[in-house]
Amino acid sequence: MSPHQIQTAGQQSSRRSWAEPWKIKMVEPLRMIGRAERERALSDAGFNTFLLRSDDVYIDLLTDSGTGAMSDRQWAGMMLGDESYAGSRNFYHLEAAIQEYYGYRHIVPTHQGRGAEHLISQVAITEGQHVPGNMYFTTTRVHQELAGGVFVDVIIDEAHDPEHLHPFKGNIDLAKLEALIERVGADNIAYVSVAGTVNMAGGQPVSMANIKDVRALCTLHGIRLFLDATRMVENAFFIQEREPGYADTPIAAILKEFCSHTDGAWMSAKKDNLANIGGWLAVNDEGLYEELRNLVVVYEGLHTYGGLAGRDMEALAIGITECVQDDYVRSRIGQVRYLGDLLVDWGIPIVLPIGGHAIFLDARRFYPHLAQDHFPAQTLAAELYLDSGIRSMERGIASAGRDPVTGEHQYPKLELTRLTIPRRVYTQAHMDVTAESIKAVFDGRGEVRGLRMVHEPKYLRFFQCRFERLGG
Ligand SMILES: *Cc1c(COP(=O)(O)O)cnc(C)c1O
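Numbering of the sequence shown is given in my numbering, commencing with residue 49 and proceeding in unit increments.
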């Protein structure tokens with residue numbers, strides 16, 4: 049346990065390291081291109097790391113989405129794909145795995161998480177209704193807004209402070225939620241949207257006590273509660289580590305208990321579930337299921353494949369059983385912490401506590417001389433790529449987009465550069481190389497000027513916008 053983490057009772061003082069519960073059977077070569085080539089690649093990409101070619105990237109920490117390594121069992125499962133249009137056996141395996149580990153009754157597969165978000169938003173939101181959530185996620189919010197919903201952030205204030213050591217910074221602030229219900233009325237709330245390990249807050253968890261309280265409040269007012277389960281397994285690890293009474297409960301049991309307090313969930317299976325593609329939606333209510341099962345046919349595919357090949361559903365079903373194993377989750381989060389601890393030791397400003405899937409560099413403190421309009425977090429991602437070919441991404445003003453009413457930039461309190469660790473892909477040595485490059489960029493921070501946005505798409509602009517260096 050690192051000194052920067054929240055201490056919990058019963059930790060031994062003798063050193064016992066974690067190690068990955070797997071060994072490597074196949075390798076994929078990596079190559080670092082030279083500095084001049086990186087300069088050219090970055091400028092061709094408009095200083096947006098999403099627009100780089102992966103061949104020009106050395107260590108790719110852009111995202112943990114679909115970038116994980118599948119196990120030999122998952123690859124074997126790919127050969128068992130039943131590509132029947134209707135009623136594929138792999139769908140029933142997937143359905144059984146979700147029912148067993150997440151506990152929901154009805155399952156709708158989708159091509160990825162946003163497909164599920166689209167369906168639930170269209171079915172569960174009426175034009176003008178409010179959708180309170182624990183901070184926002186980009187694709188989640190855009191689908192809620194496209195369905196006519198008004199997103200309201202009800203996360204606790206501590207989540208917006210990158211240095212606050214609250215153990216459950218993903219929690220919903222009950223007072224904020226109650227005030228919203230009071231103000232607009234329960235009928236004008238579509239549902240409460242709670243996400244496990246809040247990505248935009250730095251991968252911060254929600255406690256079991258909090259979800260129980262939110263459930264009670266929702267029940268009192270007859271409001272539905274849906275979970276973004278994308279990184280809920282990682283959330284369960286933090287409950288096991290930090291919440292009294294859960295130290296001896298397996299992660300799988302914590303996951304199922306947490307889900308039992310919600311009415312349904314959507315999932316990007318490209319994250320926790322160790323698949324390269326896939327998503328799902330799960331609900332308990334029969335009537336809601338009937339509507340979703342109907343709508344999936346319009347946008348994704350028949351309700352027994354939802355845009356996925358049979359083989360993908362099989363790999364996903366197996367991935368679900370693998371991702372809930374305690375030793376796996378411990379090594380996954382252990383690797384993230386290893387990188388974070390090195391950076392903290394070197395005085396580099398990151399979001400604390402260290403979250404589940406990524407390290408978030410605090411670009412405000414990294415580049416205190418840059419105004420937020422000059423995209424400090426985007427600038428930092430560009431500088432890191434230039435130094436070593438490491439790809440990270442912006443989670444700040446560019447990701448926050450514009451206010452749908454005023455058209456002005458939204459100015460998020462957090463201006464972060466995210467280094468996301470793919471699951472079961474990189475080694476500890478890759479983490480060392482990454483930390484050393486960040487240190488080099490930190491040492492040269494004084495000379496850096498910011499960026500200016502020169503191309504801005506209408507939706508989810510951070511994916512495709514382009515920049516130029518300020519001052520030539
Ligand atoms: C990635 C993600 C999504 C969207 O899923 P995709 O599979 O990328 O479409 C939704 N919510 C969260 C929290 C995510 O991280």
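For glycine and all other residues, C-beta sits at the position ideal for the given N, C-alpha and C.
Quick caveat, the model's predicted, so the values are computed rather than measured.
Any idea what DSSP makes of Ala57, helix, strand or coil? The pLDDT assigned to Ala57 is 49, lower than 50, so where the model puts this residue is not dependable; a value taken from the coordinates is nonetheless given after this. Correct three-state label for Ala57: coil.
So does the region 178-191 actually touch the region 336-351, counting three or more Cβ pairs closer than 8 angstroms? no
Give a yes or no on contact between the region 85-100 and the region 437-452, applying the rule of three or more CB pairs nearer than 8 angstroms. yes
Cβ shell of Ala238 (< 6 angstroms), same chain only, five flanking positions each side left out: Ala172, Ile173, Gln177, Val179 and Gly197
Taking Arg363 as part of the alpha helix (DSSP H), name the residues at either end of that continuous run. A quick correction: the sequence has Ala, not Arg, at residue 363. Per DSSP, Ala363 belongs to the alpha helix (DSSP H) from Gly358 to Cys371.
Mind checking whether the beta-carbon of Thr278 lies closer than 7 angstroms to any heavy atom of ligand 1? yes
Since I believe Gln288 is in contact with Thr297 (beta carbons under 8 angstroms), could you give me their beta-carbon distance rounded to a whole number of angstroms? 6 angstroms
First through last residue of the beta strand (DSSP E) which encompasses Ser316: Gly312 to Ser316
Just mark Thr454 as buried or exposed, buried being the case when its beta carbon has 16 or more other beta carbons within 10 Å. exposed
Within 10 angstroms of its Cβ, does Ala57 collect 16 or more other Cβ (buried), or is it exposed? Caution is warranted here: a pLDDT of 49 is assigned to Ala57, below 50, making its placement in the model unreliable, and the coordinate value is therefore given only provisionally. The residue is exposed, with fewer than 16 neighbouring Cβ atoms inside 10 Å.
Are at least three pairs of beta-carbons, each pair with one atom in the region 442-456 and one in the region 223-234, less than 8 angstroms apart? no
Does the Cβ-Cβ distance between Ile220 and Val202 come in under 8 angstroms? yes
Considering only DSSP beta bridges, list what Gln252 is partnered with. Val246
Any chance the CB of Thr115 is under 7 angstroms from a heavy atom of ligand 1? no
Ala295 versus Phe285: straight-line alpha-carbon distance, rounded: 10 angstroms
Through-space distance from Val489 to Leu329, alpha-carbon basis: 41 angstroms
Is Trp328 helix, strand or coil by DSSP? strand
Ligand 1 and Arg162: does the residue's C-beta get closer than 7 angstroms to at least one heavy atom of that ligand? yes
Verify the contact flag: Glu442, CB atom, against every heavy atom of ligand 1, threshold strictly below 7 angstroms. no
Who are the near neighbours of Asp108 in its chain, counting only those whose CB is closer than 6 angstroms to its CB and skipping five residues on each side? Arg439
Please state whether DSSP places Arg514 in a helix, a strand or coil. strand
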